[in-house]
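Peer 1:
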Amino acid sequence: MAAITKSSVKIRSRWIRTRTIIYCVVVIIVCFGMIRGSIFTNRDFLSDPSEKYGLLSSIPIKSINNNDEKANSNRAGAVVVSNNINTNNNKKKAVSSSSSSKELEIEQPKQLDFPKSNKDHFHNPATVDNREDIYIYHHTLRSSAGKEGAVVLDMLMGHAFAYQQGAIYGGSCGEGNDVGRDPENSLIKAIGLQDFIQFACPRDLESVARKKTVPENSYKQDGTRIFNPEYMDKMKSVIRYPVKQDSSKTNIIVVHISRGKKITPCRKALHQGYEPYLPNKHYQLLINKYTKPDQENKVILYSQSEHSFETFDEFREKGYELHIDEPIDDVWRAVMTSDVFIMSRSSFSFVPAMAVSGSTSTTVVYTPYWLQPIRGWEIVRKDIQAQSDVDFQRLKLTCPKKTNLMGRRKTFDGDIE
Numbered sequence: 056m057a058a059i060t061k062s063s064v065k066i067r068s069r070w071i072r073t074r075t076i077i078y079c080v081v082v083i084i085v086c087f088g089m090i091r092g093s094i095f096t097n098r099d100f101l102s103d104p105s106e107k108y109g110l111l112s113s114i115p116i117k118s119i120n121n122n123d124e125k126a127n128s129n130r131a132g133a134v135v136v137s138n139n140i141n142t143n144n145n146k147k148k149a150v151s152s153s154s155s156s157k158e159l160e161i162e163q164p165k166q167l168d169f170p171k172s173n174k175d176h177f178h179n180p181a182t183v184d185n186r187e188d189i190y191i192y193h194h195t196l197r198s199s200a201g202k203e204g205a206v207v208l209d210m211l212m213g214h215a216f217a218y219q220q221g222a223i224y225g226g227s228c229g230e231g232n233d234v235g236r237d238p239e240n241s242l243i244k245a246i247g248l249q250d251f252i253q254f255a256c257p258r259d260l261e262s263v264a265r266k267k268t269v270p271e272n273s274y275k276q277d278g279t280r281i282f283n284p285e286y287m288d289k290m291k292s293v294i295r296y297p298v299k300q301d302s303s304k305t306n307i308i309v310v311h312i313s314r315g316k317k318i319t320p321c322r323k324a325l326h327q328g329y330e331p332y333l334p335n336k337h338y339q340l341l342i343n344k345y346t347k348p349d350q351e352n353k354v355i356l357y358s359q360s361e362h363s364f365e366t367f368d369e370f371r372e373k374g375y376e377l378h379i380d381e382p383i384d385d386v387w388r389a390v391m392t393s394d395v396f397i398m399s400r401s402s403f404s405f406v407p408a409m410a411v412s413g414s415t416s417t418t419v420v421y422t423p424y425w426l427q428p429i430r431g432w433e434i435v436r437k438d439i440q441a442q443s444d445v446d447f448q449r450l451k452l453t454c455p456k457k458t459n460l461m462g463r464r465k466t467f468d469g470d471i472e
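Residues in the sequence shown are numbered consecutively from 56, following our numbering.
1) Return the CA-CA distance between L452 and L260, expressed in angstroms with no decimal places.
2) By DSSP's criteria, G226 is part of a beta bridge. Which residues make up the other side?
3) Closest to V298 by CA distance: which of Y218, V390, F370, Q219 is it?
4) Can you tell me where the beta strand (DSSP E) with L452 in it begins and where it stops?
5) Under the assumption that S241 contacts L333 (Cβ atoms under 8 Å), give the Cβ distance between them as a whole number of angstroms.
6) Tell me which same chain residues have a C-beta within less than 7 Å of the C-beta of P180, skipping the five on either side of it?
7) Taking the alpha carbon of I243 as the reference point, which residue from I294, I308, I312 has its own alpha carbon closest?
8) Relative to the C-alpha of Q306, which candidate in P238, V395, T73 has its C-alpha closest?
9) Let me confirm a value: Y78 is counted as buried when at least 16 other C-beta atoms fall within 10 Å, else exposed. Which label applies?
10) Given a cut-off of 9 Å, decide if I397 and H311 are closer than it, judged by their beta-carbon atoms.
11) Within its chain, find whatever has a CB closer than 8 Å to the CB of K289; leave out the 5 residues flanking it on each side and keep chain order.
12) Taking the alpha carbon of D368 as the point to measure from, which residue in D385, K336, N352, K347 has its own alpha carbon closest?
13) Since N306 sits in a beta bridge, which residues does DSSP pair it with?
14) For P170, which residues in the same chain have their Cβ closer than 8 Å to its Cβ, ignoring the five residues on either side in sequence?
15) Give the straight-line distance between the Cα atoms of S393 and V263, rounded to the nearest whole angstrom.
16) Grab me the residues of P455's own chain with a C-beta within less than 7 Å of its C-beta, minus the 5 sequence neighbours each way, in chain order.
17) According to DSSP, is K373 helix, strand or coil?
18) Taking just the CA atoms, how far does F405 sit from E365?
19) Taking the Cβ atom as the reference point for each residue, do S416 and I318 lie within a distance shorter than 9 Å?
20) From D99 to T73, what distance separates their C-alpha atoms?
21) Check each candidate in H193, I83, L450 and name the one with the smallest Cα separation from K267.
22) What residues match up with K266 in a beta bridge as DSSP calls it?
23) Mapping the DSSP letters down to three states, classify T417 as helix, strand or coil.
24) Using the Cβ count rule (16 or more neighbours within 10 Å means buried), how would you classify K437?
25) In its own chain, which residues sit with a C-beta less than 7 Å from the C-beta of I71, not counting the 5 before and 5 after it?
26) Can you tell me which residues form a DSSP beta bridge with E433?
27) Could you say which of E361, E239, K291, I83 lies nearest to V207 if we only look at CA atoms?
28) Kindly list the residues whose CB is nearer than 6 Å to the CB of G247, restricted to its own chain and excluding five residues on each side of it in sequence; keep chain order.
29) Given a threshold of 16 other Cβ atoms within 10 Å of its Cβ, counted over all protein chains shown, does T75 qualify as buried or as exposed?
30) Less than 8 Å between the CB atoms is what I'm expecting for D188 and L196, so what's the real figure, rounded?
31) Terminal residues of the continuous beta strand (DSSP E) containing F396?
32) Where does S128 fall in DSSP's three states?
33) Report yes if the C-beta distance between R371 and A245 is below 9 Å; otherwise report no.
34) Which residue or residues does DSSP assign as beta-bridge partners of I379?
35) Please report the residue range of the alpha helix (DSSP H) in which H337 lies.
36) According to the Cβ coordinates, are S399 and I379 closer than 9 Å?
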């Protein structure tokens, strides 16, 4: 094995020292380059704090040399232009947002705070000895397709009951409150009563006042007679009626024809003493009666096609405007702007007719049935009812004779809205 000389050790140690120095120099150069690059490429480092927040600086930034100064000057100018553009855009957006918000304020009246709205407009504590505030709630009817009008009518009865008891209406309480109640809520908005009747439970109101949930028989024992003149006057004062077209030129007749599986001449039993079904001829007789020969008459019919015993061809041939199977809130909105409203025998017709009772320019035509009329409605004459009954019996003879497995004839009875 060769011997390691003293000179070879010195050469090796010198090489290690030289390599270490070179490595350190390289590291220093690389670090310096990274620091310099970050300094002169970062706008925030070169910019004044006022520029960082979109403000203009009046103090110029000096660079290390002339070339850097020129580059930084161009960069600063770009920042200033960008800030000016952003500022102008923000101003335009602010003006646009402000103008649009003003339009919304004009088009949509401010919503009242429920149920304080009832305390302010439908509260008569003088009717009771105890002046303590009491909020009245009731249970919501079980809703199914075709019974939305009955649900809203039930809420209005609870509302009227609370007013007459000197209490404050708190709401209609059901499972999940207003969850899945979009159809009913759309109807309530269509007649402008969303500030006064809502789906709510006692737990929804943070108040130390008494809260009471009343049973159905408490507020429904008098039926629609609960809507006395005093209550109706109160309702007229809060409903915002839409502006109608010039009534001197066009007579708008809106007709609601109730149809469905349970609304048929083939029912075996009466519903609370009345036949729910009114034949097409009944509506045609009323249209003829309320047509004005000296004006243009616009007849608008609303109904549903499913399980309709009669077709609507005869109305279509006369040039009437038919709306079949359309959104239910469209019906109520049309009633609010009508000159004549011809009702069907249903809760769905009753509620919008009740709402327009405060409008002296709308004539409500009521055919007697299980819901008592509001004062001021026009009752269909008995001779027209007699003609309608004759046609009803004719239709009844055409009912299909279906039998069940026991050999008995099927009936079409069921609950009516």
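All C-beta atoms in this analysis are idealised placements derived from N, C-alpha and C, irrespective of residue type, glycine included.
Peer 2: On the basis of the supplied data:
1) 56 Å
2) G226 is bridged by DSSP to Y192.
3) Comparing Cα-Cα distances from V298 to each of Y218, V390, F370, Q219, the minimum goes to V390.
4) That residue, L452, is in no beta strand (DSSP E); it is neither H nor E in DSSP.
5) Cβ-Cβ separation between S241 and L333: approximately 26 Å, too far for a contact (criterion under 8 Å).
6) R186, G221
7) Comparing Cα-Cα distances from I243 to each of I294, I308, I312, the minimum goes to I294.
8) Before going on, a small fix: residue 306 reads as Asn here, not Gln. Selected option, being the one with the closest Cα: V395.
9) exposed
10) yes
11) H176, F177, Y218
12) The option with the nearest alpha carbon to D368 is K336.
13) N352
14) Taking P170 as the centre and dropping the five residues before and after it, the same chain places the C-beta of Y190, I223, Y224, G225, G226, Q253, A255, L260 closer than 8 Å to its C-beta, in chain order.
15) 44 Å
16) none
17) coil
18) 23 Å
19) no
20) In this prediction, D99 scores a pLDDT of 42, lower than 50, which makes its location untrustworthy; the coordinate-derived value is nonetheless stated afterwards. Cα-Cα distance, rounded: 41 Å.
21) H193
22) Y190
23) coil
24) exposed
25) none
26) V420
27) E239
28) So the qualifying residues of the chain are I294, R295.
29) exposed
30) Contact flag wrong, Cβ pair sits at about 26 Å.
31) 395–397
32) Low confidence applies here, because S128 scores a pLDDT of 43, under 50, leaving its location unreliable; read the following figure in that light. Reduced to three states, the DSSP call for S128 is helix.
33) no
34) S358
35) 335–345
36) No. Outside cutoff.
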